[in-house]
Each structure stands twice: as structure tokens, then as C-alpha cells.
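S.K.: This is the structure, below, for whatever I ask next.
2 protein chains.
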Amino acid sequence: MSDISIGRLSRRTGVKIPTIRYYESIGMLDAPDRSAGGQRRYDASHLEQLRFIRHGRDLGFGLDDLRALQDMASRPETSCDAADRIARQQLADVERRLAGLRAVRTELKRMVAQCSHGVVDDCRVIQTLSDHGLCDGDHSPDRTP
Amino acid sequence: MSDISIGRLSRRTGVKIPTIRYYESIGMLDAPDRSAGGQRRYDASHLEQLRFIRHGRDLGFGLDDLRALQDMASRPETSCDAADRIARQQLADVERRLAGLRAVRTELKRMVAQCSHGVVDDCRVIQTLSDHGLCDGDHSPDRTP
DNA sequence: CCTAATCCCTCTAGCGACTGGAGGTTCAAG
DNA sequence: CTTGAACCTCCAGTCGCTAGAGGGATTAGG
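Here the protein sequences line up with chains A and B, keeping their order.
The opening residue of the first sequence carries number -7 in my numbering; numbering runs sequentially from there.
The opening residue of the second sequence carries number -7 in my numbering; numbering runs sequentially from there.
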């Protein structure tokens, strides 16, 4: 109905053009109709769908989770327990990462504060990296797998 | 001198075996001597080097940064300004991500708290994802690029 | 109607930082 | 000397994009 080009859709959602095509290629976003010349023509429903994905990504959900949530959204009479579970999981994950990042920040701050701005041999930044014993040692990895 | 096998090195540093080999392949970790049969034999200096990398990774430094820091560590009489800059940058990055994650946590909490545990059509989790207007809207993306 | 500028197409390959598996070799204890 | 654990190489896959090459489509202006 609205006949939106991919560039326009990109501007309206803040999702880059290659990313939109990528989402289509992995089945996250419905394939739109094409113009006579083969260009993608989106409508309001795609806009909505892509905003859903974008918002979910911003909140840190993985594409698999979003697929599941999208799926639920399309069946409004089913129970939302699964959605709730996914969101709670995500929240727990975010809390975990926050805790890790806070510990990391603490150590980075100490490193930076103690740097004497002299020579590498006296530099707290490099000393700390070389010897974990110099720091509290209870900062968990930030790896976000 | 110490003749450490890769498995032992892995256990001592908490770095997985394939990761150790990967580090060697990209030139992050010095290639060790080999046994007569071609197996890697590490010594104390590798242990130290790998702990340096491990600790840096735990603090969220990228491998390129760590390469630079390692390089500096090996030239103790040079100025540590560059090291300081890298660490400050990393700290700024961590602060940015903390801010993003906190915003994300806030919205996730609201989503979860308002879920009525009924049917998808009334589920705040899915409603929020569908319509960004329902939330404050100022949570920045968590993408960690 | 024609042209130029802008947009869009597919396809392939790459990023960072690993992780895992297949299929084969070596080491160390008994 | 045998056995089983540990090691080797090579390749492919993960996640979520992102970029570039080499072309075709669309659209606004003249």
C-alpha cells in the first residue's frame, strides 16, 4: 500500500540497507513485493516488523529470541509465558553483564588513576596487565557470548 | 625451561587450547619450540605472555590494543602515554556500555514487571517490542562494536 | 524523449574473537 | 610394548552484520 523503497525503510527505522537485506535472507523479515525492475517495495507491515526487530536488538535480544517473540506476536491468543521467560532471561543476562562491566570499570579506573605518566617500566597500566595479582582479581570476563 | 604442554598452559591460564593456537596463528603469542614429535612446548615467558593477554581480554581490550600494549611492555624505557591513552579509551568505552546497559535493564524490568501472565495480546513484553512509544525511548543500543 | 544522478540489485568476502570437529600422530605411564 | 590420553593440522562454523565490485532501475530536470 505505501510502496516504500529499501532506502526509505532504512531511513525510517535506522536499520542499514545491507542489514535489511540480511534480515530478509535469514528469514527474519518477510520478503516484500518487487517493482517491475526487481527492486524491493515495502509496506506498512514491513515497517512495523522491522521496528519490532530493531527495538528488540536494541534491548540486546538475539535474533533467535526475536524470531520466537515475533512468532508469538502473530498468535495473539496463545499464552505469553514463553515471551516472559525470554525477557526474564534477557534481563538476567543484562544484570550479569552489568556486574562484569562494573568490576572492569573499577579496575580500569585504578589503572588509569595510578599511571604516573612516565616511562613504561613504572606504568601501572602495563604492570597491572602483566600481573593480575596487583588487582582485586574478582572481575569476571566481559565476554558476551 | 619449564617445558609446558599446551594442555597444561591452558589449565594454568584458563585459556582454551584452540584459542591458544589461534593466538599463535595471528601472532599474538610467540610460537613455542616443538618436541621431537612436533608438539608445542611452552616456557615461563609464554605463560606470562598469555596471562597478559587473558587479563587484557577480561578487561575488554581488543587484540589490537593488547598487541600495542604488549609491544610497549617490551620496551620499558619508552613513554607510557600511549598505554594510558588506550586504557582511558577503554574506560570511556566501558562507561558508555554501562550507560547503555542500564537503560536497557530499566526497560526490560518494566516489560517483565508489567507482564500480566495472560495471553500474548495483552502481554506487555510483546507490546513494548512492537511499539517503541510505550517505553521511554532513550535507551541506546547495546551493540558492542 | 533523453540524460544524469541517485538509487538499487546480486554476489562474494570479510570483520572480531573465537569454537568445534574430523581424521590422524605423539607422548607417558604401566 | 601397549594403551589411552593428549596432541597435531586443516577446515568450517558461530553471531550479526558490513563492505565492495560490477552491474541495472528509477526519477527529476531539461
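Just so you know, even glycine gets a beta-carbon here, dropped at the ideal spot from N, CA and C.
Can we say the segment 50 to 59 of chain A touches the segment 21 to 33 of chain A, given the rule of at least three CB pairs closer than 8 Å?
M.R.: These segments do not touch.
S.K.: Using CA atoms only, rank isn't needed, just tell me which of A/Ser(-6), A/Ala36 and A/Ile45 is closest to A/Lys8.
M.R.: Residue A/Ile45 is the option with its Cα nearest to A/Lys8.
S.K.: Go ahead and label B/Ala28 buried or exposed: buried means 16 or more other beta carbons lie within 10 angstroms of its beta carbon, across all protein chains shown.
M.R.: Flag for B/Ala28 reads exposed.
S.K.: By Cβ distance below 8 Å, which residues in the same chain neighbour A/Ile78 in space, the five residues on each side in sequence not counted?
M.R.: Cβ neighbours of A/Ile78 beyond the five flanking positions: Phe53, Asp57, Ala60 and Leu61.
S.K.: Exposed or buried, which one is B/Arg89 when buried takes at least 16 other CB atoms within 10 Å?
M.R.: Buried, by the Cβ-count rule.
S.K.: So for B/Asp25, helix, strand or coil by DSSP?
M.R.: Residue state, collapsed to three classes: strand.
S.K.: If you draw a straight line from the C-alpha of B/Val104 to the C-alpha of A/Glu40, how long is it?
M.R.: So the alpha carbons of these two residues sit roughly 22 Å apart.
S.K.: Alpha carbon to alpha carbon, how far is A/Ser122 from B/Arg32?
M.R.: Straight-line Cα distance between these residues: approximately 23 Å.
S.K.: Quick check: what's the CA-CA separation for A/Ser(-6) versus A/Ser37?
M.R.: Going from the Cα of A/Ser(-6) to the Cα of A/Ser37 covers about 10 Å.
S.K.: Work out the CA separation of B/Glu69 and A/Val112 for me, nearest whole Å.
M.R.: Taking the straight line from one Cα to the other gives about 6 Å.
S.K.: Taking A/Val117 as the reference, give the member of B/Gly110, B/Tyr34, B/Ala65 and B/Val117 with the closest Cα.
M.R.: Out of B/Gly110, B/Tyr34, B/Ala65 and B/Val117, B/Ala65 has the C-alpha closest to the C-alpha of A/Val117.
S.K.: According to DSSP, is B/Pro137 helix, strand or coil?
M.R.: Confidence in B/Pro137 is poor, its pLDDT being 42 and thus under 50, which makes the residue's placement unreliable; the coordinate value appears in the next sentence. Three-state DSSP puts B/Pro137 in coil, outside helix and strand.
S.K.: Quickly, what does DSSP pair A/Tyr34 with across the bridge? List them, please.
M.R.: Answer by DSSP bridge pairing, in chain order: A/Ile(-4).
S.K.: Using a Cβ-Cβ cut-off of 8 Å, state whether A/Leu42 counts as contacting chain B.
M.R.: Not one chain B Cβ lies under 8 Å of A/Leu42.
S.K.: Would you kindly work out how many angstroms separate the C-alpha atoms of B/Thr5 and A/Ala75, rounded to a whole number?
M.R.: Approximately 39 Å between the Cα atoms of the pair.
S.K.: List the residues of chain A that B/Gln82 touches, going by C-beta distances under 7 Å, in chain order.
M.R.: Ordered by position in chain A, the residues that pass the 7 Å Cβ test against B/Gln82 are Leu100.
S.K.: Cβ closer than 8 Å: which chain B residues qualify as neighbours of A/Ile118?
M.R.: Result: Leu61, Met64, Ala65, Cys72 and Ala75.
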